[in-house]
Amino acid sequence: MKAVVLKDNKILKLEDFPEANLRSDECQVAIQSACVCSSDIYRAFFEGAYFYPLVMGHEMAGEVISCGLEAGKRFKPGDRVGVFPLIPCQSCAPCHQKDYAQCCSYDYYGSRRHGGFAQRLNIRSWNLLPLPGDVSFDDASLLEPMSVVIHALSRADLLGVSGSEEVAILGGGTLGLLAVQILQKVSPSLSVTVFDRNRYKLNIAKSWGANIELLDGGASWDEYVSKNSKRFPYILQASDGSATFRYSIKLAKQLGSIVWMGNIASDLSLPKDYVSDVLRQELNIMGTWNSRYDPETQNDWTMALDLLQAGIRPSKLINRTVSLLELPEVLGNLYSHKRGSERHDILKVQVRPNLTL
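Oh and the sequence shown: position 16 is 353 in this note's numbering, straight run, nothing missing.
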(Lines of atoms letter the chains of each structure in order from A and count residues from 1; the text may use other names and numbers.)
(Lines give C-alpha, C1' and ligand atoms only; values in the text may rest on other atoms or scores of the structure.)
Protein backbone atom coordinates (compact mmCIF):
# COMPACT_ATOMS: atom_id res chain seq x y z
CA MET A 1 0.00 0.00 0.00
CA LYS A 2 1.00 3.66 -0.32
CA ALA A 3 1.87 5.76 2.72
CA VAL A 4 3.68 9.01 3.49
CA VAL A 5 6.61 7.96 5.64
CA LEU A 6 8.64 10.16 7.98
CA LYS A 7 12.08 8.67 7.28
CA ASP A 8 14.00 11.04 9.54
CA ASN A 9 13.59 14.56 10.84
CA LYS A 10 12.35 16.75 7.93
CA ILE A 11 12.44 13.82 5.49
CA LEU A 12 9.00 12.74 4.23
CA LYS A 13 8.49 10.38 1.30
CA LEU A 14 5.59 8.67 -0.42
CA GLU A 15 6.45 4.98 -0.44
CA ASP A 16 5.11 1.48 -0.81
CA PHE A 17 4.75 0.51 2.84
CA PRO A 18 4.36 -3.05 4.14
CA GLU A 19 1.04 -3.96 5.72
CA ALA A 20 1.07 -5.58 9.15
CA ASN A 21 -0.67 -8.89 9.79
CA LEU A 22 -4.21 -8.42 11.09
CA ARG A 23 -4.64 -9.38 14.74
CA SER A 24 -7.78 -10.99 16.11
CA ASP A 25 -8.87 -7.80 17.87
CA GLU A 26 -8.22 -5.52 14.86
CA CYS A 27 -10.07 -4.30 11.81
CA GLN A 28 -8.32 -3.26 8.64
CA VAL A 29 -9.66 0.18 7.77
CA ALA A 30 -9.45 2.01 4.46
CA ILE A 31 -8.64 5.58 5.50
CA GLN A 32 -11.10 7.86 3.69
CA SER A 33 -10.13 11.12 5.41
CA ALA A 34 -7.23 12.12 7.64
CA CYS A 35 -6.44 15.62 8.87
CA VAL A 36 -3.14 17.26 9.71
CA CYS A 37 -2.70 18.38 13.33
CA SER A 38 -0.15 20.98 14.38
CA SER A 39 1.50 18.22 16.44
CA ASP A 40 2.29 16.47 13.14
CA ILE A 41 4.42 19.47 12.15
CA TYR A 42 6.41 19.31 15.38
CA ARG A 43 6.77 15.56 15.02
CA ALA A 44 8.02 15.79 11.44
CA PHE A 45 10.21 18.90 11.55
CA PHE A 46 11.24 19.54 15.17
CA GLU A 47 12.64 16.09 16.02
CA GLY A 48 9.43 15.12 17.78
CA ALA A 49 9.16 11.54 16.51
CA TYR A 50 9.51 8.59 18.87
CA PHE A 51 11.00 6.47 16.10
CA TYR A 52 11.75 6.33 12.37
CA PRO A 53 10.39 5.40 9.93
CA LEU A 54 6.94 6.58 11.07
CA VAL A 55 3.59 6.97 9.36
CA MET A 56 1.92 9.90 11.11
CA GLY A 57 -1.75 10.89 11.28
CA HIS A 58 -4.08 10.52 14.28
CA GLU A 59 -7.17 12.44 13.08
CA MET A 60 -8.91 10.00 10.76
CA ALA A 61 -12.02 8.14 9.67
CA GLY A 62 -12.60 5.32 7.24
CA GLU A 63 -14.37 2.15 6.18
CA VAL A 64 -13.78 -1.34 7.52
CA ILE A 65 -12.31 -3.70 4.92
CA SER A 66 -11.84 -6.85 7.00
CA CYS A 67 -11.97 -7.98 10.62
CA GLY A 68 -10.02 -10.30 12.86
CA LEU A 69 -11.93 -13.06 14.63
CA GLU A 70 -12.60 -11.10 17.83
CA ALA A 71 -13.11 -7.73 16.09
CA GLY A 72 -15.70 -9.36 13.83
CA LYS A 73 -18.05 -9.63 16.81
CA ARG A 74 -18.49 -5.84 16.71
CA PHE A 75 -17.76 -4.81 13.12
CA LYS A 76 -18.10 -6.07 9.58
CA PRO A 77 -16.71 -5.01 6.19
CA GLY A 78 -18.38 -1.84 4.96
CA ASP A 79 -18.88 -0.32 8.42
CA ARG A 80 -17.98 3.36 8.59
CA VAL A 81 -15.87 4.29 11.61
CA GLY A 82 -14.17 7.11 13.47
CA VAL A 83 -10.95 6.44 15.38
CA PHE A 84 -9.98 7.17 18.99
CA PRO A 85 -6.19 7.22 18.56
CA LEU A 86 -5.04 6.51 22.12
CA ILE A 87 -4.44 2.84 22.92
CA PRO A 88 -4.57 2.33 26.70
CA CYS A 89 -2.69 -0.44 28.48
CA GLN A 90 -5.89 -1.54 30.28
CA SER A 91 -3.75 -2.50 33.29
CA CYS A 92 -2.89 0.66 35.26
CA ALA A 93 -5.04 2.37 37.92
CA PRO A 94 -6.46 5.06 35.58
CA CYS A 95 -7.43 2.38 33.05
CA HIS A 96 -9.20 0.38 35.77
CA GLN A 97 -11.20 3.56 36.44
CA LYS A 98 -11.84 3.92 32.68
CA ASP A 99 -9.89 7.19 32.70
CA TYR A 100 -8.01 6.07 29.62
CA ALA A 101 -6.51 9.45 28.69
CA GLN A 102 -4.54 9.26 31.95
CA CYS A 103 -3.12 5.83 31.13
CA CYS A 104 0.39 5.36 32.52
CA SER A 105 1.65 3.31 29.57
CA TYR A 106 -0.35 4.12 26.45
CA ASP A 107 0.28 3.67 22.75
CA TYR A 108 -0.98 6.07 20.08
CA TYR A 109 -1.83 5.80 16.40
CA GLY A 110 0.21 8.29 14.39
CA SER A 111 2.96 8.90 16.94
CA ARG A 112 3.92 5.87 19.04
CA ARG A 113 2.80 3.53 16.27
CA HIS A 114 1.86 4.01 12.63
CA GLY A 115 -1.15 6.15 11.80
CA GLY A 116 -3.52 7.34 9.13
CA PHE A 117 -1.37 8.97 6.43
CA ALA A 118 -1.69 5.68 4.58
CA GLN A 119 -4.24 3.94 2.41
CA ARG A 120 -5.03 1.34 5.06
CA LEU A 121 -4.42 0.82 8.75
CA ASN A 122 -5.05 -2.05 11.16
CA ILE A 123 -6.90 -0.58 14.15
CA ARG A 124 -8.07 -2.24 17.35
CA SER A 125 -11.83 -2.62 17.36
CA TRP A 126 -11.91 -1.06 20.84
CA ASN A 127 -10.70 2.20 19.25
CA LEU A 128 -13.35 2.27 16.52
CA LEU A 129 -16.50 4.34 16.84
CA PRO A 130 -19.40 3.40 14.52
CA LEU A 131 -20.55 6.34 12.40
CA PRO A 132 -24.21 7.09 11.71
CA GLY A 133 -25.06 7.18 8.02
CA ASP A 134 -25.61 10.95 8.01
CA VAL A 135 -22.10 11.74 9.33
CA SER A 136 -19.56 12.34 6.56
CA PHE A 137 -15.99 11.07 6.62
CA ASP A 138 -14.86 14.72 6.38
CA ASP A 139 -16.60 15.60 9.65
CA ALA A 140 -15.74 12.29 11.31
CA SER A 141 -12.01 12.81 10.72
CA LEU A 142 -12.29 15.80 13.05
CA LEU A 143 -13.99 13.92 15.88
CA GLU A 144 -10.68 13.80 17.75
CA PRO A 145 -10.09 17.58 18.05
CA MET A 146 -13.83 18.08 18.63
CA SER A 147 -13.69 15.68 21.57
CA VAL A 148 -10.59 17.39 22.95
CA VAL A 149 -12.47 20.71 22.95
CA ILE A 150 -15.58 19.17 24.49
CA HIS A 151 -13.45 17.76 27.29
CA ALA A 152 -11.80 21.14 27.88
CA LEU A 153 -15.15 22.96 27.98
CA SER A 154 -16.52 20.39 30.40
CA ARG A 155 -13.59 21.09 32.75
CA ALA A 156 -14.87 24.67 33.10
CA ASP A 157 -18.56 23.62 33.21
CA LEU A 158 -19.26 25.55 30.00
CA LEU A 159 -21.43 22.92 28.31
CA GLY A 160 -25.14 23.67 28.45
CA VAL A 161 -24.75 27.02 30.23
CA SER A 162 -27.88 29.20 30.13
CA GLY A 163 -26.38 32.42 31.54
CA SER A 164 -24.81 35.31 29.63
CA GLU A 165 -21.26 34.99 30.94
CA GLU A 166 -18.27 36.00 28.81
CA VAL A 167 -15.66 33.57 27.53
CA ALA A 168 -12.27 34.49 26.07
CA ILE A 169 -10.65 32.02 23.68
CA LEU A 170 -6.93 32.64 23.29
CA GLY A 171 -6.05 31.25 19.88
CA GLY A 172 -8.10 31.02 16.69
CA GLY A 173 -6.71 27.80 15.29
CA THR A 174 -8.56 24.52 14.93
CA LEU A 175 -9.27 24.05 18.64
CA GLY A 176 -10.30 27.66 19.23
CA LEU A 177 -12.64 27.75 16.23
CA LEU A 178 -14.14 24.38 17.14
CA ALA A 179 -14.82 25.83 20.59
CA VAL A 180 -16.71 28.71 18.94
CA GLN A 181 -18.84 26.25 16.96
CA ILE A 182 -19.56 24.04 19.95
CA LEU A 183 -20.41 26.89 22.33
CA GLN A 184 -22.74 28.43 19.75
CA LYS A 185 -24.65 25.13 19.69
CA VAL A 186 -24.65 24.05 23.34
CA SER A 187 -24.37 27.39 25.22
CA PRO A 188 -25.67 30.03 22.77
CA SER A 189 -26.27 32.67 25.44
CA LEU A 190 -22.54 32.96 26.21
CA SER A 191 -20.59 35.88 24.77
CA VAL A 192 -17.42 34.56 23.12
CA THR A 193 -14.34 36.64 22.23
CA VAL A 194 -11.48 35.13 20.22
CA PHE A 195 -7.95 36.57 20.48
CA ASP A 196 -5.43 35.85 17.72
CA ARG A 197 -2.76 37.53 15.59
CA ASN A 198 -4.10 36.02 12.34
CA ARG A 199 -6.84 38.10 10.72
CA TYR A 200 -7.87 35.25 8.43
CA LYS A 201 -8.74 33.03 11.39
CA LEU A 202 -10.43 35.89 13.24
CA ASN A 203 -12.64 36.62 10.25
CA ILE A 204 -13.87 33.02 10.41
CA ALA A 205 -14.56 33.36 14.13
CA LYS A 206 -16.47 36.59 13.49
CA SER A 207 -18.54 34.98 10.74
CA TRP A 208 -19.53 32.32 13.28
CA GLY A 209 -20.78 34.90 15.76
CA ALA A 210 -17.76 35.53 17.98
CA ASN A 211 -16.27 38.86 18.99
CA ILE A 212 -12.65 39.22 17.91
CA GLU A 213 -9.44 40.89 19.07
CA LEU A 214 -6.48 41.15 16.68
CA LEU A 215 -3.07 40.95 18.35
CA ASP A 216 0.50 40.83 17.11
CA GLY A 217 2.99 39.22 19.43
CA GLY A 218 3.86 39.91 23.06
CA ALA A 219 3.92 43.71 22.77
CA SER A 220 0.29 43.77 21.66
CA TRP A 221 -0.70 41.55 24.58
CA ASP A 222 0.86 44.07 26.96
CA GLU A 223 -0.85 46.90 25.11
CA TYR A 224 -4.24 45.21 25.22
CA VAL A 225 -4.01 44.44 28.94
CA SER A 226 -2.89 47.97 29.81
CA LYS A 227 -5.51 49.71 27.66
CA ASN A 228 -8.49 47.45 28.33
CA SER A 229 -9.98 46.92 31.75
CA LYS A 230 -12.28 44.15 30.56
CA ARG A 231 -11.63 40.82 32.22
CA PHE A 232 -13.29 37.46 31.61
CA PRO A 233 -14.75 34.95 34.08
CA TYR A 234 -13.82 32.11 31.72
CA ILE A 235 -10.62 31.74 29.70
CA LEU A 236 -9.97 28.92 27.24
CA GLN A 237 -6.30 28.89 26.27
CA ALA A 238 -6.11 27.25 22.83
CA SER A 239 -2.67 27.96 21.37
CA ASP A 240 0.84 26.52 21.60
CA GLY A 241 2.34 29.98 22.22
CA SER A 242 3.68 30.55 25.73
CA ALA A 243 2.34 34.14 25.71
CA THR A 244 -1.23 32.86 25.72
CA PHE A 245 -0.54 30.86 28.87
CA ARG A 246 0.86 33.93 30.63
CA TYR A 247 -1.81 36.37 29.52
CA SER A 248 -4.63 34.00 30.34
CA ILE A 249 -3.88 35.05 33.92
CA LYS A 250 -3.96 38.78 33.16
CA LEU A 251 -7.25 38.49 31.25
CA ALA A 252 -9.04 36.57 33.98
CA LYS A 253 -11.62 38.13 36.26
CA GLN A 254 -11.47 37.65 40.02
CA LEU A 255 -12.41 34.06 40.91
CA GLY A 256 -12.17 33.27 37.20
CA SER A 257 -11.65 29.85 35.63
CA ILE A 258 -8.78 29.27 33.19
CA VAL A 259 -8.42 26.10 31.13
CA TRP A 260 -5.00 25.48 29.60
CA MET A 261 -5.63 23.36 26.49
CA GLY A 262 -2.82 24.25 24.06
CA ASN A 263 0.14 21.88 23.70
CA ILE A 264 2.86 24.34 24.72
CA ALA A 265 5.77 24.70 22.27
CA SER A 266 8.36 26.47 24.45
CA ASP A 267 9.28 27.06 28.07
CA LEU A 268 6.98 29.22 30.16
CA SER A 269 8.25 31.80 32.64
CA LEU A 270 5.79 33.47 35.02
CA PRO A 271 6.81 36.76 36.69
CA LYS A 272 5.97 36.89 40.37
CA ASP A 273 3.20 39.46 39.85
CA TYR A 274 1.39 36.94 37.62
CA VAL A 275 1.63 34.34 40.36
CA SER A 276 0.41 36.96 42.81
CA ASP A 277 -2.63 37.53 40.60
CA VAL A 278 -3.43 33.82 40.75
CA LEU A 279 -3.23 33.90 44.54
CA ARG A 280 -4.93 37.21 45.32
CA GLN A 281 -7.73 36.78 42.78
CA GLU A 282 -8.15 33.10 43.65
CA LEU A 283 -7.99 32.08 40.01
CA ASN A 284 -8.73 28.49 39.14
CA ILE A 285 -6.25 27.21 36.53
CA MET A 286 -7.09 23.79 35.11
CA GLY A 287 -5.22 21.56 32.76
CA THR A 288 -6.98 19.43 30.19
CA TRP A 289 -5.61 16.50 28.22
CA ASN A 290 -7.06 14.52 25.37
CA SER A 291 -10.66 13.37 25.89
CA ARG A 292 -12.83 10.81 27.63
CA TYR A 293 -13.66 7.76 25.56
CA ASP A 294 -15.18 4.38 26.28
CA PRO A 295 -16.97 2.32 23.63
CA GLU A 296 -19.55 1.18 26.18
CA THR A 297 -20.63 4.47 27.80
CA GLN A 298 -21.53 8.08 27.00
CA ASN A 299 -18.41 10.23 26.73
CA ASP A 300 -16.82 13.18 24.93
CA TRP A 301 -16.81 11.24 21.66
CA THR A 302 -20.47 10.30 21.77
CA MET A 303 -21.28 13.95 22.51
CA ALA A 304 -19.19 14.98 19.50
CA LEU A 305 -21.16 12.53 17.35
CA ASP A 306 -24.42 13.93 18.72
CA LEU A 307 -23.27 17.44 17.80
CA LEU A 308 -22.42 16.34 14.26
CA GLN A 309 -25.92 14.96 13.92
CA ALA A 310 -27.29 18.21 15.36
CA GLY A 311 -25.67 20.18 12.55
CA ILE A 312 -22.17 21.18 13.66
CA ARG A 313 -19.80 20.96 10.71
CA PRO A 314 -16.14 20.90 11.77
CA SER A 315 -15.29 20.19 8.13
CA LYS A 316 -15.87 23.91 7.51
CA LEU A 317 -12.35 24.31 8.87
CA ILE A 318 -10.89 22.26 6.01
CA ASN A 319 -9.62 24.62 3.32
CA ARG A 320 -7.10 22.35 1.60
CA THR A 321 -7.61 18.75 0.46
CA VAL A 322 -4.64 16.79 -0.85
CA SER A 323 -3.60 13.30 -1.91
CA LEU A 324 -0.76 11.35 -0.33
CA LEU A 325 1.38 12.43 -3.29
CA GLU A 326 0.92 16.10 -2.40
CA LEU A 327 1.16 15.70 1.38
CA PRO A 328 4.97 15.97 1.88
CA GLU A 329 5.09 19.32 0.08
CA VAL A 330 2.09 20.68 1.99
CA LEU A 331 3.58 19.61 5.33
CA GLY A 332 6.73 21.49 4.32
CA ASN A 333 4.64 24.58 3.59
CA LEU A 334 3.05 24.34 7.04
CA TYR A 335 6.52 24.06 8.57
CA SER A 336 7.64 27.21 6.73
CA HIS A 337 4.53 28.99 8.00
CA LYS A 338 5.25 27.84 11.56
CA ARG A 339 8.81 29.21 11.31
CA GLY A 340 7.53 32.48 9.88
CA SER A 341 9.51 32.21 6.64
CA GLU A 342 6.31 31.91 4.58
CA ARG A 343 2.67 32.83 5.09
CA HIS A 344 -0.14 30.48 4.15
CA ASP A 345 -3.83 30.89 4.93
CA ILE A 346 -4.16 27.16 5.46
CA LEU A 347 -6.38 26.40 8.41
CA LYS A 348 -6.95 22.65 8.20
CA VAL A 349 -5.43 20.24 5.69
CA GLN A 350 -7.35 17.11 4.83
CA VAL A 351 -5.64 14.09 3.29
CA ARG A 352 -7.57 11.63 1.16
CA PRO A 353 -5.20 8.64 1.15
CA ASN A 354 -7.22 6.71 -1.41
CA LEU A 355 -7.40 9.43 -4.04
CA THR A 356 -5.92 8.21 -7.32
CA LEU A 357 -2.15 8.65 -7.12
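Glycine included, every Cβ here is placed at the ideal spot set by N, Cα and C. Nothing here was measured: the structure is a model prediction, and the numbers come from that model.
- For residue 623, the enclosing beta strand (DSSP E) begins and ends at 621-624.
- The Cβ atoms of residue 690 and residue 365 do not sit closer than 7 Å to each other.
- Below 8 Å, enough C-beta pairs join the stretch 370-377 and the stretch 674-689 to call them touching: three or more.
- In the assembly as shown, residue 626 is an exposed residue. Its beta-carbon has fewer than 16 other beta-carbons within 10 Å.
- Within the stretch 478-547, complete alpha helix (DSSP H) segments of at least 4 residues are found at 480-492, 511-523 and 536-544, given in chain order.
- Annotation: the continuous alpha helix (DSSP H) that includes residue 586 extends over 579-587.
- Counting C-beta pairs closer than 8 Å gives fewer than three between the stretch 340-352 and the stretch 406-416, which falls short of the contact rule.
- Residue 638 and residue 511 have their C-alpha atoms roughly 17 Å apart.
- When the beta-carbon positions are compared, residue 396 and residue 478 come within less than 7 Å of each other.
- DSSP lists 371 as the bridge partner or partners of residue 397.
- Within the DSSP bridge table, the entry for residue 646 names no partner.
- Straight through space, the alpha carbons of residue 682 and residue 676 are spaced by roughly 14 Å.
- In the DSSP assignment, residue 404 is bridged to 364.
- If one requires a minimum length of 3 residues, the beta strand (DSSP E) runs lying completely within the stretch 411-471 are 417-420, 457-461 and 465-467, in chain order.
- At the C-beta level, residue 513 and residue 519 stay beyond 7 Å of one another.
- By a beta-carbon distance limit of 8 Å, residue 504 contacts residue 495. Their separation comes to about 7 Å.
- Cβ neighbours of residue 594 within its own chain (closer than 6 Å, five residues either side excluded): 493, 571 and 621.
- Of the candidates 533, 624, 529 and 400, 529 places its Cα closest to the Cα of residue 568.
- The beta carbon of residue 499 sits closer than 7 Å to the beta carbons of 526 from its chain, once the five residues preceding and following it are set aside; these are given in chain order.
- It is roughly 30 Å from the alpha-carbon of residue 398 to the alpha-carbon of residue 533.
- DSSP, reduced to helix, strand and coil, places residue 392 outside both helices and strands of the structure shown, so it counts as coil.
- Classified as buried, residue 393 has 16 or more neighbouring CB atoms from the shown chains inside 10 Å of its CB.
- Around the C-beta of residue 421, 16 or more other C-beta atoms lie within 10 Å, and the residue is accordingly described as buried.
- Going by beta carbons, residue 508 and residue 575 fall inside the 7 Å limit.
- Within the same chain, and ignoring the five residues on either side of residue 584 in sequence, the residues whose Cβ sits closer than 6 Å to its Cβ are 558.
- Our two residues, residue 417 and residue 451, have alpha carbons roughly 20 Å apart in a direct line.
- Distance between residue 573 and residue 406, taken at the CA atoms: about 44 Å.
- DSSP, reduced to helix, strand and coil, places residue 383 outside both helices and strands of the structure shown, so it counts as coil.
- Contact between the stretch 651-669 and the stretch 472-487 is established, with three or more Cβ pairs separated by less than 8 Å.
- According to the DSSP assignment, residue 675 belongs to the alpha helix (DSSP H) that extends over 664-676.
- About 26 Å separates the Cβ atoms of residue 426 and residue 403, ruling out a contact at the 8 Å cut-off.
- The three-state secondary structure of residue 566, taken from DSSP, is coil.
- For the 7 Å CB-CB criterion, residue 641 and residue 465 do not form a contact.
- Boundaries cannot be given for residue 682, as no alpha helix (DSSP H) includes it and DSSP labels it neither H nor E.
- DSSP, read as helix, strand or coil, puts residue 573 in strand.
- Taking residue 459 as the centre and dropping the five residues before and after it, the same chain places the C-beta of 357, 359, 363 and 365 closer than 6 Å to its C-beta, in chain order.
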